[in-house]
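As C-alpha cells, the structure follows; a few thoughts come after it.
Residue numbers (the numbering used here): 1 to 568.
Below, the structure is given as C-alpha cells:
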C-alpha cells in the first residue's frame, strides 16, 4: 500500500468520525434536554429500559458513549442497577440501527447533503434549522468518509504484508474478535468501528467471516468502554459493569461455539444472493468486489450485528431481575463501601395489610438507613486528615440515599399506622418516624461539614493545629454516640443510658468550650475570621450529630421501657 493511499484512507476515517460526531451533536441539540429527562423517568420495565438504551445509543451515534453515559447516571444515583442493565443491553440494539443505516449504498447523496447542511448551518437564523443543518452536514461527511475509506482500503488488501497478517492472525476467529474489540476501544465508538469493518470488507481487504467475528469484537469493546465509566465509581456502577461485561462474554462465547449456525442465520435474513459471501468463508478480493457485492457484504455485516444484538437481548433481558436481586444481597465490598443506589431495598407495599411483616421490612430499612448515616459521619471525620474528592462524592450520594429513604420509609410507616395495630405497634410507628427524621438530619449535618471542608480546601483556609485537634476530638465523641445508636437499632436494646447521657452532655459542653477557645484565638490573631466562621459551623454540626444520635438512643430506650410496662 502506497504511503499516500494510507494517508487518504486515514483522512477518510477522520471525515467519517467527524461526520458521526457532527450528526450526533445535531441530533442531541434537536432533542434538547430530552435525553436526561428520559433517563431520569425510565420505568422499571426491562423492555422499556432496553428501548430507551437503544434510542440513546442511536441518538449519540455511539454505543460506547451511551454506555459511559448510562454508567455515569448510575454513579449519580439517577438509575438503579435494574434499569441500567436493561439500558446497557439496549445500547446494542441502538448501534444496530446506525449500522443498518451505514449499509445503504447512498454515498451519492453525501456531497448534496454537505452543501445543504452547510447552508442551513451557517445561513439560517432559526435554531431548529441550524440543528437540522448539523445533522445533514454530519450525514454527508459520514458517507463521504466511508466511501473514501472503501476506495483506499483496496490497496491495503493488495499489500503482501497485510495478506500475511490475515493468513497468520485474522484467520483465527478469536484473533478477529480481539481485533474488533481493540478497534472499538481505540475509536471509542461501536458505530465507527463497524463502519471501518464494512469499509475493509467492501474493499475486499478482509473476508466476511473475519468481518462477522470483528463485529462480535465490537460488542466486547463496547463493554470495555462501559468499564471505563465505572472506574472510581460506586458499588452499583461496578456491579452493573460486571454483569454487562460477563453477559457479553457469555453471549460472544455462545456465538463463537455455534459460529457456522450464526452465519447461516445471518445469510437467512440477508436479502439477495449470498452465495459469494458463503463461498470459502466469503473472502472478497479486490477483483470481485463489484458494487452489488459491496451492498451485499455491507448488509450482511449489518445483519450480523442485528442478529447478535437481538439474540443477546432475548437471552439476557429475562435474567437481569435475578441478577439485580442477587446483587442487592451481596455484601457492600471488601473496602466497606455502601451501596448508594437511591431506592429502598426492603419495603414492599403489598405486605402493608400484614403488619407483622411490614414492621420487619421497616426495621430492616431503618437499620440500613442508620448504617448509611453512621458511615457518612465516619467518612466526614476522615476528610480532616486529607480531603478526598472521591469520598466527597460518596458522602453526597449517601445523602441523596437518605433523602429517598426518609420519603419512602415515612410513606410506608404512615400507611402502616392507618391499619388496625396493637397498642405496642401503634406506639412503635411514631418512634420509627422520629428515628427516620433524626437519621436524615444527621445526613444533613454531614453535608454541612463536607461543604465547610470543601470551602476550606478551595480557598486555602488555615486551621491552627489546636483547632484541628479540638474538632477531631469532638467529632470522635459524636461518632461514638452514633455507633451506639446503630447498635441500639440492630439489637433492639440500649444499655448504659447513664453513660450515653453523660457522653451527650460532654459533647455539648465541649462544643461551648471549643467555641470559647476559638474566640480567644481570633482575638490573638492565631486564626482568621473566615476560618473562625467555618470552625463554628463544623463544631455546631458535630454537636447536633451527637445530640441527634442520643435522641435516637433515648427514643429507642423509652419505647423499650413502655413496652416492658405494657407487657407487665
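Think of the CB as a built atom: it goes at the ideal place given N, C-alpha and C, for glycine as much as any other residue.
Residues of its chain near residue i, where Cβ-Cβ distance is below 7 Å and the 5 sequence neighbours each way are ignored
| i | result |
| --- | --- |
| residue 374 | 482, 483, 486 |
| residue 241 | 71, 226, 227, 230 |
| residue 490 | 367 |
| residue 6 | none |
| residue 260 | none |
Check: residue i C-beta below 6 Å from any heavy atom of the ligand GTP
| i | result |
| --- | --- |
| residue 388 | This structure simply doesn't include the ligand GTP, nor any ligand for that matter. |
Simplified DSSP assignment, three categories, for residue i
| i | result |
| --- | --- |
| residue 343 | coil |
| residue 247 | helix |
| residue 451 | helix |
| residue 381 | helix |
| residue 462 | coil |
| residue 80 | coil |
| residue 179 | helix |
| residue 388 | coil |
| residue 430 | helix |
| residue 132 | helix |
| residue 6 | helix |
| residue 355 | helix |
| residue 271 | coil |
| residue 207 | coil |
| residue 494 | coil |
| residue 103 | coil |
| residue 473 | helix |
| residue 510 | helix |
| residue 525 | coil |
| residue 410 | helix |
| residue 422 | coil |
| residue 172 | coil |
8 Å Cβ shell around residue i - same chain, five flanking residues per side excluded
| i | result |
| --- | --- |
| residue 458 | none |
| residue 381 | 472, 475, 476, 479 |
| residue 123 | none |
| residue 14 | 145 |
| residue 399 | 376, 443, 444, 446, 447 |
| residue 321 | 46, 82 |
Within 7 Å, strictly: CB atoms of residue i and residue j
| i | j | result |
| --- | --- | --- |
| residue 52 | residue 87 | yes |
| residue 217 | residue 181 | yes |
| residue 402 | residue 443 | yes |
| residue 438 | residue 347 | no |
| residue 297 | residue 202 | yes |
| residue 140 | residue 103 | no |
| residue 63 | residue 95 | yes |
| residue 120 | residue 138 | no |
| residue 236 | residue 74 | yes |
| residue 324 | residue 81 | yes |
| residue 56 | residue 66 | yes |
| residue 142 | residue 20 | yes |
| residue 449 | residue 541 | yes |
| residue 222 | residue 253 | no |
| residue 342 | residue 257 | no |
| residue 219 | residue 265 | no |
| residue 299 | residue 319 | no |
| residue 406 | residue 451 | no |
| residue 224 | residue 185 | yes |
| residue 50 | residue 89 | yes |
Sequence-distant residues of the same chain with beta carbon closer than 6 Å to residue i, five excluded per side
| i | result |
| --- | --- |
| residue 387 | 453, 457 |
| residue 514 | 470, 539 |
| residue 187 | 193 |
Buried or exposed (CB count within 10 angstroms, at least 16 for buried), residue i
| i | result |
| --- | --- |
| residue 570 | As shown, the chain starts at 1 and ends at 568. That puts residue 570 outside it, with no answer to give. |
| residue 460 | exposed |
| residue 356 | exposed |
| residue 430 | exposed |
| residue 112 | exposed |
| residue 10 | exposed |
| residue 126 | exposed |
| residue 496 | exposed |
| residue 556 | buried |
| residue 462 | exposed |
| residue 505 | exposed |
| residue 465 | exposed |
| residue 349 | exposed |
| residue 285 | Low local confidence applies: a pLDDT of 42 at residue 285 is under 50, so the model's placement there is unreliable, and no value is given. |
| residue 303 | buried |
| residue 353 | exposed |
| residue 148 | buried |
| residue 550 | buried |
7 Å Cβ cutoff, residue i in contact with chain D
| i | result |
| --- | --- |
| residue 428 | In the structure shown, chain D does not exist; there is a single protein chain. |
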